[in-house]
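One structure is given below, encoded as C-alpha coordinates.
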Amino acid sequence: MKVLYTCSALLFFTLIVTSSAHTQGTVTVDTLTFDKILRNFDIVLAKFDDKYPYGENQDQFKKFAENAANTKNLLIAEIPIVDYGDKENEPLANEYKVTKADFPAYKLFLKGRSKPIDFTGEKTEDGLKRFLSQHTNLWFGLPGTLEALDKIAREFFDASSASDESQTKSLIEKAREQVKGFVDKKEQKSGDSYLKIMEAVAKQGVEFLKREERRVQNLLKGKITNEKKEELLHRANILLSFKSLKEAVSDAVDAVKEKVADAAEKIKEL
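Numbering follows full-length UniProt numbering, in which position 66 of the sequence shown is assigned residue number 66; successive positions increment by one, without gaps.
Right under this line is the structure:
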(Lines of atoms letter the chains of each structure in order from A and count residues from 1; the text may use other names and numbers.)
(Lines give C-alpha, C1' and ligand atoms only; values in the text may rest on other atoms or scores of the structure.)
Protein backbone atom coordinates (compact mmCIF):
# COMPACT_ATOMS: atom_id res chain seq x y z
CA MET A 1 0.00 0.00 0.00
CA LYS A 2 2.87 2.32 0.91
CA VAL A 3 4.55 1.53 -2.42
CA LEU A 4 1.37 2.38 -4.30
CA TYR A 5 1.02 5.65 -2.37
CA THR A 6 4.66 6.55 -3.02
CA CYS A 7 4.32 5.83 -6.75
CA SER A 8 1.14 7.90 -6.94
CA ALA A 9 2.84 10.78 -5.14
CA LEU A 10 5.81 10.62 -7.49
CA LEU A 11 3.52 10.55 -10.53
CA PHE A 12 1.57 13.53 -9.20
CA PHE A 13 4.80 15.46 -8.55
CA THR A 14 6.09 14.59 -12.02
CA LEU A 15 2.89 15.87 -13.63
CA ILE A 16 3.13 19.16 -11.69
CA VAL A 17 6.79 19.67 -12.63
CA THR A 18 6.21 18.73 -16.26
CA SER A 19 3.27 21.11 -16.58
CA SER A 20 5.41 23.96 -15.22
CA ALA A 21 8.26 23.29 -17.64
CA HIS A 22 6.59 25.32 -20.38
CA THR A 23 5.37 28.88 -19.92
CA GLN A 24 2.24 30.01 -21.74
CA GLY A 25 2.99 32.57 -24.43
CA THR A 26 6.43 31.16 -25.18
CA VAL A 27 8.05 28.60 -27.47
CA THR A 28 10.47 26.07 -26.01
CA VAL A 29 13.46 25.55 -28.32
CA ASP A 30 16.62 23.47 -28.39
CA THR A 31 19.95 23.25 -30.20
CA LEU A 32 18.24 21.92 -33.35
CA THR A 33 15.44 24.48 -33.60
CA PHE A 34 16.92 27.71 -32.24
CA ASP A 35 18.62 28.77 -35.49
CA LYS A 36 15.36 28.21 -37.39
CA ILE A 37 13.59 30.51 -34.93
CA LEU A 38 16.20 33.24 -35.37
CA ARG A 39 15.97 33.04 -39.17
CA ASN A 40 12.19 33.41 -39.22
CA PHE A 41 11.46 36.06 -36.61
CA ASP A 42 12.55 39.71 -36.49
CA ILE A 43 12.66 39.99 -32.70
CA VAL A 44 13.39 37.06 -30.40
CA LEU A 45 13.74 37.35 -26.65
CA ALA A 46 15.44 34.18 -25.42
CA LYS A 47 15.40 33.05 -21.80
CA PHE A 48 18.15 30.67 -20.69
CA ASP A 49 17.13 28.97 -17.45
CA ASP A 50 16.76 25.73 -15.48
CA LYS A 51 14.45 23.19 -17.04
CA TYR A 52 11.99 23.58 -14.17
CA PRO A 53 12.34 27.19 -12.94
CA TYR A 54 10.39 28.54 -9.98
CA GLY A 55 10.34 31.52 -7.62
CA GLU A 56 9.77 35.25 -8.01
CA ASN A 57 11.81 35.62 -11.21
CA GLN A 58 9.73 32.90 -12.89
CA ASP A 59 6.47 34.42 -11.64
CA GLN A 60 7.47 37.77 -13.17
CA PHE A 61 8.43 36.07 -16.43
CA LYS A 62 5.06 34.31 -16.59
CA LYS A 63 3.24 37.63 -16.24
CA PHE A 64 5.42 39.17 -18.94
CA ALA A 65 5.02 36.22 -21.34
CA GLU A 66 1.24 36.09 -20.99
CA ASN A 67 0.83 39.85 -21.52
CA ALA A 68 3.31 40.03 -24.41
CA ALA A 69 2.21 36.84 -26.18
CA ASN A 70 0.21 38.71 -28.84
CA THR A 71 2.78 41.44 -29.44
CA LYS A 72 3.37 41.62 -33.18
CA ASN A 73 6.84 40.60 -34.47
CA LEU A 74 7.99 39.36 -31.05
CA LEU A 75 8.72 35.73 -30.23
CA ILE A 76 9.57 34.73 -26.67
CA ALA A 77 11.73 31.60 -26.56
CA GLU A 78 12.61 29.45 -23.58
CA ILE A 79 15.87 27.48 -23.65
CA PRO A 80 15.96 24.94 -20.79
CA ILE A 81 19.55 24.13 -19.75
CA VAL A 82 20.35 20.80 -18.12
CA ASP A 83 23.85 20.15 -16.73
CA TYR A 84 23.39 16.42 -16.08
CA GLY A 85 22.53 13.33 -18.13
CA ASP A 86 22.27 14.29 -21.80
CA LYS A 87 23.13 17.90 -20.83
CA GLU A 88 20.20 19.29 -22.82
CA ASN A 89 20.99 22.59 -24.61
CA GLU A 90 24.35 22.98 -22.87
CA PRO A 91 26.01 23.77 -26.24
CA LEU A 92 23.70 26.81 -26.59
CA ALA A 93 24.59 27.96 -23.09
CA ASN A 94 28.29 27.65 -23.92
CA GLU A 95 27.90 29.40 -27.27
CA TYR A 96 26.25 32.43 -25.68
CA LYS A 97 28.40 32.33 -22.52
CA VAL A 98 25.56 31.68 -20.10
CA THR A 99 26.31 30.00 -16.76
CA LYS A 100 23.98 28.60 -14.11
CA ALA A 101 24.78 31.62 -11.92
CA ASP A 102 23.19 33.85 -14.61
CA PHE A 103 19.79 32.07 -14.60
CA PRO A 104 17.43 33.36 -15.74
CA ALA A 105 19.56 35.00 -18.44
CA TYR A 106 17.77 36.99 -21.15
CA LYS A 107 19.22 37.81 -24.56
CA LEU A 108 17.57 39.83 -27.32
CA PHE A 109 18.15 38.67 -30.90
CA LEU A 110 17.32 41.16 -33.65
CA LYS A 111 17.25 40.13 -37.31
CA GLY A 112 20.30 41.51 -39.09
CA ARG A 113 22.48 41.53 -35.98
CA SER A 114 25.02 38.77 -35.52
CA LYS A 115 25.25 39.24 -31.75
CA PRO A 116 22.44 39.37 -29.19
CA ILE A 117 21.87 42.22 -26.72
CA ASP A 118 22.31 41.12 -23.10
CA PHE A 119 19.62 42.01 -20.59
CA THR A 120 21.04 43.64 -17.45
CA GLY A 121 17.99 45.22 -15.80
CA GLU A 122 15.57 44.10 -13.09
CA LYS A 123 14.16 40.66 -13.86
CA THR A 124 10.57 41.80 -13.56
CA GLU A 125 7.66 42.13 -15.98
CA ASP A 126 8.19 45.89 -16.29
CA GLY A 127 11.97 45.45 -16.46
CA LEU A 128 11.65 43.16 -19.49
CA LYS A 129 9.13 45.49 -21.16
CA ARG A 130 11.42 48.46 -20.52
CA PHE A 131 14.37 46.56 -22.05
CA LEU A 132 12.40 45.73 -25.21
CA SER A 133 11.01 49.26 -25.46
CA GLN A 134 14.56 50.59 -25.29
CA HIS A 135 15.93 48.39 -28.09
CA THR A 136 12.91 47.95 -30.38
CA ASN A 137 9.81 49.81 -31.56
CA LEU A 138 7.47 47.43 -29.77
CA TRP A 139 4.80 49.06 -27.60
CA PHE A 140 3.90 47.43 -24.28
CA GLY A 141 2.11 50.18 -22.40
CA LEU A 142 4.66 50.63 -19.65
CA PRO A 143 3.27 52.16 -16.42
CA GLY A 144 2.74 55.87 -16.94
CA THR A 145 2.85 55.76 -20.76
CA LEU A 146 -0.01 56.50 -23.15
CA GLU A 147 -0.08 54.98 -26.64
CA ALA A 148 -1.47 58.07 -28.40
CA LEU A 149 1.20 60.31 -26.87
CA ASP A 150 3.95 57.75 -27.50
CA LYS A 151 3.24 58.02 -31.23
CA ILE A 152 3.49 61.81 -31.04
CA ALA A 153 6.67 61.51 -28.94
CA ARG A 154 8.38 59.45 -31.65
CA GLU A 155 7.45 61.97 -34.33
CA PHE A 156 8.56 64.78 -32.03
CA PHE A 157 11.95 63.14 -31.50
CA ASP A 158 12.53 62.86 -35.25
CA ALA A 159 11.47 66.46 -35.82
CA SER A 160 13.69 67.71 -32.97
CA SER A 161 16.66 65.70 -34.22
CA ALA A 162 16.18 67.32 -37.65
CA SER A 163 15.85 70.79 -36.02
CA ASP A 164 12.43 71.16 -37.63
CA GLU A 165 11.11 73.95 -35.38
CA SER A 166 7.80 74.28 -37.18
CA GLN A 167 7.03 70.56 -36.85
CA THR A 168 8.08 70.39 -33.19
CA LYS A 169 5.75 73.29 -32.33
CA SER A 170 2.92 71.63 -34.24
CA LEU A 171 3.44 68.33 -32.39
CA ILE A 172 3.53 70.04 -28.99
CA GLU A 173 0.16 71.60 -29.78
CA LYS A 174 -1.14 68.25 -30.97
CA ALA A 175 -0.05 66.66 -27.69
CA ARG A 176 -1.58 69.53 -25.72
CA GLU A 177 -4.95 68.93 -27.41
CA GLN A 178 -4.72 65.21 -26.57
CA VAL A 179 -4.04 65.97 -22.91
CA LYS A 180 -6.98 68.40 -22.74
CA GLY A 181 -9.27 65.54 -23.72
CA PHE A 182 -8.17 63.28 -20.86
CA VAL A 183 -10.66 62.81 -18.03
CA ASP A 184 -8.73 60.29 -15.94
CA LYS A 185 -6.44 62.03 -13.43
CA LYS A 186 -3.60 59.55 -13.93
CA GLU A 187 -3.73 60.10 -17.68
CA GLN A 188 -3.73 63.86 -17.14
CA LYS A 189 -0.66 63.57 -14.91
CA SER A 190 1.17 61.42 -17.46
CA GLY A 191 0.10 63.78 -20.24
CA ASP A 192 1.59 66.72 -18.35
CA SER A 193 4.89 64.82 -18.10
CA TYR A 194 4.97 64.29 -21.88
CA LEU A 195 4.31 68.00 -22.44
CA LYS A 196 7.00 69.14 -19.98
CA ILE A 197 9.56 66.87 -21.63
CA MET A 198 8.62 68.11 -25.11
CA GLU A 199 8.84 71.75 -24.00
CA ALA A 200 12.24 71.13 -22.40
CA VAL A 201 13.53 69.44 -25.57
CA ALA A 202 12.23 72.35 -27.67
CA LYS A 203 14.30 74.74 -25.53
CA GLN A 204 17.39 72.66 -24.79
CA GLY A 205 17.58 70.19 -27.69
CA VAL A 206 17.44 66.39 -27.72
CA GLU A 207 20.48 66.27 -25.41
CA PHE A 208 18.01 67.08 -22.60
CA LEU A 209 16.65 63.53 -22.85
CA LYS A 210 19.94 61.90 -21.84
CA ARG A 211 20.53 64.40 -19.05
CA GLU A 212 17.03 63.89 -17.71
CA GLU A 213 17.35 60.11 -17.90
CA ARG A 214 20.57 60.25 -15.86
CA ARG A 215 18.93 62.58 -13.33
CA VAL A 216 15.92 60.29 -12.90
CA GLN A 217 18.08 57.16 -12.54
CA ASN A 218 20.24 58.86 -9.90
CA LEU A 219 17.16 59.91 -7.95
CA LEU A 220 15.83 56.35 -8.07
CA LYS A 221 19.03 55.12 -6.39
CA GLY A 222 18.46 57.39 -3.40
CA LYS A 223 16.14 57.10 -0.41
CA ILE A 224 12.70 58.12 -1.64
CA THR A 225 9.10 57.35 -0.76
CA ASN A 226 7.16 54.70 -2.68
CA GLU A 227 4.97 57.44 -4.14
CA LYS A 228 8.02 59.35 -5.42
CA LYS A 229 9.56 56.14 -6.75
CA GLU A 230 6.43 55.37 -8.76
CA GLU A 231 6.41 58.93 -10.14
CA LEU A 232 10.06 58.68 -11.22
CA LEU A 233 9.58 55.23 -12.77
CA HIS A 234 6.68 56.59 -14.81
CA ARG A 235 8.88 59.47 -15.98
CA ALA A 236 11.67 57.06 -16.90
CA ASN A 237 9.20 55.00 -18.95
CA ILE A 238 7.89 58.11 -20.71
CA LEU A 239 11.44 59.17 -21.57
CA LEU A 240 11.90 55.87 -23.42
CA SER A 241 9.12 56.94 -25.78
CA PHE A 242 11.27 59.81 -27.02
CA LYS A 243 14.21 57.69 -28.05
CA SER A 244 12.81 54.37 -29.23
CA LEU A 245 13.16 55.30 -32.89
CA LYS A 246 16.70 56.51 -32.30
CA GLU A 247 17.59 53.20 -30.71
CA ALA A 248 16.05 51.32 -33.64
CA VAL A 249 18.03 53.36 -36.15
CA SER A 250 21.18 52.84 -34.09
CA ASP A 251 20.55 49.09 -34.04
CA ALA A 252 20.08 49.09 -37.80
CA VAL A 253 23.39 50.94 -38.28
CA ASP A 254 25.14 48.50 -35.93
CA ALA A 255 23.66 45.61 -37.89
CA VAL A 256 25.13 46.96 -41.13
CA LYS A 257 28.51 47.47 -39.45
CA GLU A 258 28.46 43.90 -38.15
CA LYS A 259 27.63 42.51 -41.60
CA VAL A 260 30.51 44.49 -43.13
CA ALA A 261 32.87 43.25 -40.39
CA ASP A 262 31.76 39.64 -40.90
CA ALA A 263 32.25 39.95 -44.65
CA ALA A 264 35.73 41.38 -44.12
CA GLU A 265 36.64 38.44 -41.86
CA LYS A 266 35.42 35.93 -44.44
CA ILE A 267 37.49 37.66 -47.14
CA LYS A 268 40.59 37.37 -44.92
CA GLU A 269 39.96 33.64 -44.54
CA LEU A 270 39.93 33.13 -48.33
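Glycine included, every Cβ here is placed at the ideal spot set by N, Cα and C.
Predicted, not measured: the structure shown is a model, and the values here were computed from it.
Taking H234 as the reference, give the member of G127, T31, A65 and T23 with the closest Cα. Translated into the one-based positions of the sequence shown, residue 234 becomes position 234. When each option's Cα is compared against that of H234, the closest is G127.
Taking the alpha-carbon positions, what's the Q167 to F157 distance? Position 167 of the sequence shown, counted from the first residue, corresponds to residue 167. Position 157 of the sequence shown, counted from the first residue, corresponds to residue 157. Cα-Cα distance, rounded: 10 Å.
D118 bridges to which residues according to DSSP? Within the sequence shown, residue 118 is the residue found at index 118, counting from 1. For D118, which the question treats as bridged, DSSP gives the partners K107.
Under the three-state reduction of DSSP, which class applies to T28: helix, strand or coil? By one-based count along the sequence shown, residue 28 stands at place 28. The answer is strand: DSSP assigns T28 an E or B state.
With a Cβ-Cβ cutoff of 8 Å, do F131 and F140 count as a contact? Indexing the sequence shown from 1 puts residue 131 at position 131. Indexing the sequence shown from 1 puts residue 140 at position 140. Taking 8 Å as the Cβ cut-off, F131 and F140 do not qualify as a contacting pair.
Just to check, is the beta-carbon of I37 closer than 7 Å to a non-hydrogen atom of the ligand ATP? With respect to the ligand ATP, the structure offers nothing, as it holds no ligand at all.
CB-CB under 8 Å to L195, same chain, minus the five flanking residues each way: which ones, in chain order? As a first step, residue 195 must be located in the sequence shown, where it is residue number 195. I172, A175, R176 and V179.
Cutoff 7 Å; reference D83; Cβ partners in own chain excluding five residues on either side: Here residue 83 refers to the residue found at position 83 of the sequence shown. Here the set comprises E90 and K100.
Can you tell me which of the three DSSP states L142 falls into? Position 142 of the sequence shown, counted from the first residue, corresponds to residue 142. Reduced to three states, the DSSP call for L142 is coil.
Span of the beta strand (DSSP E) holding A46? Locating residue 46 in the sequence shown gives position 46, where the first residue counts as 1. Here the beta strand (DSSP E) through A46 covers I43 to D50.
Endpoints, the beta strand (DSSP E) within which P80 is located: Here residue 80 corresponds to residue number 80 of the sequence shown, with the count starting at 1. Element bounds for P80: L74 to I81.
Counting only the same chain and skipping the five closest in sequence on each side, list residues whose C-beta sits under 6 Å from that of V98. Position 98 of the sequence shown holds residue 98. Closer than 6 Å at the Cβ level, and outside the excluded window around V98, lie F48 and A105.
In whole angstroms, give me the CA-to-CA distance for V183 and L149. Position 183 of the sequence shown holds residue 183. Position 149 of the sequence shown holds residue 149. Cα to Cα, V183 sits roughly 15 Å from L149.
Tell me where the alpha helix (DSSP H) around H234 begins and ends. For this step, residue 234 is matched to residue 234 along the sequence shown. First-last of the alpha helix (DSSP H) with H234: N226 to S241.
Note down the Cα distance separating I224 from E122, rounded to an integer number of angstroms. Position 224 of the sequence shown holds residue 224. Position 122 of the sequence shown holds residue 122. The straight-line gap from Cα to Cα measures roughly 18 Å.
Any idea what DSSP makes of Y96, helix, strand or coil? Against the sequence shown, residue 96 aligns to sequence position 96. In the structure shown, Y96 sits in coil (DSSP, three-state: anything other than H, G, I, E or B).
Compute the Euclidean distance between the alpha carbons of E88 and D30, then round it to the nearest angstrom. As a working mapping, residue 88 is identified with position 88 in the sequence shown. As a working mapping, residue 30 is identified with position 30 in the sequence shown. Their Cα atoms are separated by approximately 8 Å.
Three-way DSSP call (helix, strand, coil) for K163 in this model: What you label residue 163 is simply residue 163 of the sequence shown in a count that begins at 1. In the sequence as presented, Lys is not what sits at residue 163; that position holds Ser. Three-state result, S163: coil.
Alpha-carbon to alpha-carbon, Y54 and V206: Here residue 206 refers to the residue found at position 206 of the sequence shown. Here residue 54 refers to the residue found at position 54 of the sequence shown. Computed Cα separation, rounded: 42 Å.
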